[in-house]
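Engineer: Residue numbers (this note's numbering): 7 to 287.
1) Whole angstroms are fine: how far does the CA of residue 121 sit from the CA of residue 254?
2) List the endpoints of the continuous beta strand (DSSP E) containing residue 6.
3) Less than 6 Å between C-beta atoms, sequence neighbours within five positions excluded: which residues of the same chain meet that for residue 232?
4) Kindly provide the ranges of any beta strand (DSSP E) runs that are 3 or more residues long and lie completely inside the stretch 55-133, ordered along the chain.
5) Do residue 170 and residue 180 have their C-beta atoms within less than 9 Å of each other?
6) Would you call the stretch 162-177 and the stretch 88-99 in contact, with 3 or more CB pairs under 8 Å?
7) Output the residue ranges of the alpha helix (DSSP H) runs that lie fully inside the stretch 189-250 and measure 4 residues or longer, sorted by chain position.
8) Check for me: the alpha helix (DSSP H) holding residue 182 runs from which residue to which?
9) List the endpoints of the continuous alpha helix (DSSP H) containing residue 186.
10) With DSSP as the reference, please indicate the residues paired to residue 18 in a beta bridge.
11) Out of 27, 173, 111, state which residue places its alpha-carbon closest to the alpha-carbon of residue 216.
12) Using the rule of at least 16 other Cβ atoms within 10 Å of the residue's Cβ for burial, across every protein chain shown, is residue 129 buried or exposed?
13) Taking residue 238 as the reference, give the member of 141, 267, 11, 269 with the closest Cα.
14) Does the beta-carbon distance from residue 102 to residue 83 come in below 9 Å?
15) With residue 156 as the anchor, note down where its alpha helix (DSSP H) starts and where it stops.
16) Please report the Cβ distance between residue 71 and residue 208, rounded to the nearest whole angstrom; I am assuming they are in contact, meaning their Cβ atoms lie under 8 Å.
17) Between residue 27 and the rest of its own chain, which residues show a CB-CB distance below 7 Å, the 5 nearest in sequence each way excluded?
18) Alpha carbons only, please: which of 163, 155, 148 is nearest the one belonging to residue 133?
19) Using the Cβ count rule (16 or more neighbours within 10 Å means buried), how would you classify residue 74?
20) Determine whether the beta carbon atoms of residue 40 and residue 51 lie at a separation below 9 Å.
21) Among 38, 86, 42, which has the Cα closest to the Cα of residue 63?
22) Leaving out five residues on either side along the sequence, give the residues of the same chain with a beta carbon under 8 Å from the beta carbon of residue 159.
23) Looking only at its chain, what residues have a beta carbon closer than 7 Å to the beta carbon of residue 104, apart from the 5 residues adjacent to it on each side?
24) With distance defined between alpha-carbon atoms, name the residue in 49, 68, 48 nearest to residue 20.
25) Quickly, what does DSSP pair residue 272 with across the bridge? List them, please.
26) How many angstroms separate the CA atom of residue 138 from the CA atom of residue 240?
27) Please report how far the alpha carbon of residue 53 lies from the alpha carbon of residue 151, in whole angstroms.
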């Protein structure tokens, strides 16, 4: 099939089902299915039938609500590529700001513990860019497999350690595998409320509920992790967490009760998205 015809077919499928980013998604699907990118694909490029069918099938999967990232099997985050798929949270652009803040605060490499790691995007990006020794904790064995794949994919086997465990009730075995003290603890825990879960977009419904739902008001994890994990911080250690819309102020209050001096950091839309706390000495 000539690429121009294939491109029109894929884009038409997406547009007819109301995609507001049909042009971008068409490009991504064609690149994934055919191996051609924007620079190498011309209107007259010949695409074999099998690859054309793969592209069309991908468009049909997309309009049924399957996330584009799951279809492609990978997604970029902080300039790095991560494997993703069913059972693991898709890395979001906003979370890159958490990584930026962590890198800004790290001194001489340092040591970081990341809670609720999912695909491992936070500890892997931090370690890759800073040389820090990072430990990531994830309760889902399915997500942990992606985490392990991404460590290998990004060549950080010597600096990132994936651990299976419950950050709300860490076992002695888990704690024994962690450093006694670290410089920074990061976390992007589940924070969607019960109302949020009822109103999820169909794409997000494909992502694991365990990585999304944070209790009735979305704050269940935050009520536990600061008190539970602050003992792992070195003197003047820091805790950086991502939050849901309009949760930052409540989370700051929780952190301050645990002895942190806090500030709220906005995301790209000027919404309070992160709470940064330094443990008072």
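Here a beta-carbon is modelled for each residue, glycine too, at the ideal position from N, C-alpha and C.
All values reported here derive from a predicted model rather than from experimental measurement.
Structural biologist: Well, looking at it:
1) 18 Å
2) What the structure shows of the chain is the stretch from 7 to 287, and residue 6 is not part of that stretch, so it cannot be assessed.
3) 261, 264
4) 80-83, 86-89, 117-121
5) yes
6) no
7) 200-204, 228-235
8) 178-182
9) Counting along the chain, residue 186 falls outside any alpha helix (DSSP H), and DSSP gives it neither H nor E.
10) In the DSSP output, where bridge partners are listed per residue, residue 18 has none listed.
11) 173
12) buried
13) 141
14) yes
15) 147-159
16) 4 Å
17) none
18) 163
19) buried
20) yes
21) 38
22) 87, 88, 89
23) 128, 192, 194, 246, 248, 280
24) 68
25) 278
26) 15 Å
27) 34 Å
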